[in-house]
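Working notes, beginning with the structure itself.
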Amino acid sequence: MAVPSPTIEILRPPAERMRSVAEIAARHSGDVDREGRFPQEAVDALKAERLMSVMVPKRFGGEGLSLLETAELCTILGQACGSTAMIYAMHQIKASSLVSHGGSSPWHAGFMRDLVDEQYLLASATTEGGIGGDLRNSICAVHVADGRFTLEKDATVISYGLYADAILVTCRRAPDAQSSDQSMVVVKRGDYTLDKTTGWDTLGMRGTCSEGFRLVSAGDAAQIFPQPFSEIAAQSMLSASHILWGAVWFGIAADAVARAQAYVRAAARKQPGSLPPGALRLAEVVAMLQDMKASVVAGVVRYEAAMNRPDALSSMGFAAEMNNLKITTSQRAAQIVTHAMLITGLSGYKNDTPFSVGRHLRDVTSAAIMISNDRILSNTSNLLLVSRFDTSLVN
Amino acid sequence: MRDRIRKLIAERKVVAVDVDTLSDTSDLYEAGLSSFASIQFMLALEDEFDIEFPERMLTRKTFASIEAIDRSIAELIGEQV
Ligand SMILES: Cc1cc2nc3c(=O)[nH]c(=O)nc-3n(C[C@H](O)[C@H](O)[C@H](O)COP(=O)(O)OP(=O)(O)OC[C@H]3O[C@@H](n4cnc5c(N)ncnc54)[C@H](O)[C@@H]3O)c2cc1C
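The listed protein sequences correspond, in order, to chains A and B.
First residue of the first sequence? That's 1 in full-length UniProt numbering, and the numbers climb one at a time after it.
First residue of the second sequence? That's 1 in full-length UniProt numbering, and the numbers climb one at a time after it.
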């Protein structure tokens, strides 16, 4: 069913619409986490508020929001429900690849218009059995004959795979291509079947429902992105992933700090005239939060300086900085939430108080393993054999 | 110079295919050049030609083909004299 399509002029500002969604997401976050279920109410609200297509350029009917504006939306939602915000971020990462690389391909341009009309939810299948989180290698290959493609993948993690309207799948460009010679294909609901292979009963991010599937698909060969995946990965996916993930983790950390602050203020009100225990730690954790915010914003500034310049986006210095953004924000988020728990004490440790930060803590532990930090560090250490860090403050 | 580049590609097993099957303009990434191998290869080129690739050359395009590498090295050697 198509979501009724008001003209952009009568839509409220995106951040305001996202705050309405965040209220709904917050109401269900406990249940989503406990049951490990898909946050259907919040995703329905995202679609009703037409927030799925905000990054699509205006010429295709979208709102043309920048990565920074989109990151802000992820942060607003992250303060309400980590899983819902991560789902939204992962969707926008896929949308950013369409926006950066799909405009010149008639099929992908048409798909962007459909995304606006239908408010599709886009999922990602990069992780593969036998490859793991090594994004830049595939075992499966797309077969093309007579203008049609077929593609099968042992996709060991597809977040919200069962609830998505389309999946962007990486694979080798052809059956005889090398493992690093990859393409990306948009497969739409109806083009594919998913046979569940693994479940998602996890410590945190329980609502992303990132189950494993055997994906079998077929469709029009035009659904394959014309650019090699290496370009898509370097020029849109890397920066969008690390910035929008960072924005989600920042939102989760910020909400944990808000709870810690509420706890300290409540204590201060009970004992006027004295600084409550925890106040000093609160000052400390707010400084950490500010530091994390600076990292995300600096990442966006770095991205905007390179934006629209494929060479700059494909440079090693850029890749190293985007990698570091992920390392820093994933580590910081976990430190900040742990700190918030020290401040809130048992009230934070319990799951049923206004100061609970258990869900936050469990959600942010996923950050370090969402593409393992060790894998990213080893990739960066390789880059640093030739690339030097840019020591200017303004690139 | 292109012969020396070819020799290095073969010696260091930079790509997954026989270097003789590649033309000067063949895409090395399509021939299996990985990000890890490309950096090891850059270090080997720096050593072989006694050069240092500046930051602006550290992009995929610089190392996309034998011809592209040849052009970059020629530019760097030209700058030195
Ligand atoms: C919440 C969440 C949602 C996700 N959603 C999706 C999705 O929608 N689609 C999708 O495709 N994937 C998804 N993933 C999977 C993700 O993209 C990674 O594939 C996954 O996190 C595994 O990455 P990895 O590198 O740790 O695993 P593996 O590659 O299996 O590595 C396992 C372990 O080996 C070590 N290791 C591996 N390589 C190296 C190296 N080079 N150097 C040092 N150590 C190394 C690390 O300790 C690593 O943890 C999701 C993951 C999470 C946590």
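Ideal Cβ positions, reconstructed from N, Cα and C, are used throughout, including at glycine.
Source: prediction; values computed, not measured.
- Valine 264 of chain A places its beta carbon 8 Å or farther from that of glycine 212 of chain A.
- Across the structure, threonine 70 of chain A and histidine 360 of chain A are spaced so that their CA atoms are roughly 21 Å apart.
- Take serine 53 of chain A, set aside five residues on each side of it, and the residues of its chain with a beta-carbon closer than 6 Å to its own are Gly62, Leu115 and Val116, in chain order.
- Assignment of isoleucine 343 of chain A by DSSP, reduced to helix, strand and coil, places it in the helix class.
- Where arginine 265 of chain A is concerned, the enclosing alpha helix (DSSP H) starts and stops at 238-270.
- The beta carbon of threonine 59 of chain B sits closer than 8 Å to some beta carbon of chain A.
- Taking 7 Å as the cut-off, one finds at least one heavy atom of ligand 1 near enough to the beta carbon of threonine 127 of chain A.
- Among the CB atoms of chain B, one or more fall inside 8 Å of the CB of aspartate 181 of chain A.
- Any Cβ of chain B closer than 8 Å to the Cβ of leucine 383 of chain A would place that residue at the interface, and such an atom is present.
- Counted as a single uninterrupted DSSP element, the beta strand (DSSP E) harbouring serine 124 of chain A occupies residues 122-125.
- The C-beta distance from proline 39 of chain A to alanine 48 of chain A rounds to 14 Å, too long to meet the 8 Å contact threshold.
- In terms of Cα proximity to phenylalanine 225 of chain A, the closest of A/Gly317, A/Ser183 and A/Met237 is A/Ser183.
- Rounded to the nearest whole angstrom, the C-alpha separation of serine 104 of chain A and arginine 59 of chain A is 12 Å.
- Only buried fits glutamine 227 of chain A, as 16 or more other CB atoms lie within 10 angstroms of its CB.
- The Cβ atoms of leucine 215 of chain A and leucine 244 of chain A lie no closer than 8 Å to each other.
- Counting only Cβ-Cβ distances below 8 Å, alanine 234 of chain A has contacts in chain B at Arg60, in chain order.
- Not one beta carbon of chain A lies nearer than 8 Å to the beta carbon of glutamate 67 of chain B.
- Spanning the alpha carbons of leucine 45 of chain B and histidine 101 of chain A requires a straight line of approximately 32 Å.
- Per DSSP, alanine 80 of chain A is not a residue of any beta strand (DSSP E), being assigned neither H nor E.
- Here arginine 214 of chain A is bridged, per DSSP, to A/Asp154 and A/Asp195.
- In this structure, the beta-carbon distance from alanine 125 of chain A to isoleucine 167 of chain A falls below 8 Å.
- Here isoleucine 167 of chain A carries a strand assignment [DSSP, helix/strand/coil].
- Among the bridge pairs identified by DSSP, methionine 184 of chain A is matched with A/Thr170.
- Residues of chain B whose Cβ lies closer than 9 Å to the Cβ of arginine 136 of chain A are, in chain order, Ser34 and Ser35.
- Excluding its 5 nearest sequence neighbours in each direction, arginine 189 of chain A has C-beta neighbours in its own chain below 7 Å: Asp165 and Ala166, listed in chain order.
- Per the C-alpha coordinates, the member of A/Thr75, A/Glu128 and A/Ser83 positioned closest to valine 32 of chain A is A/Ser83.
- By the Cβ-count criterion, serine 23 of chain B is exposed, with fewer than 16 other Cβ atoms from all chains shown falling within 10 Å of its own Cβ.
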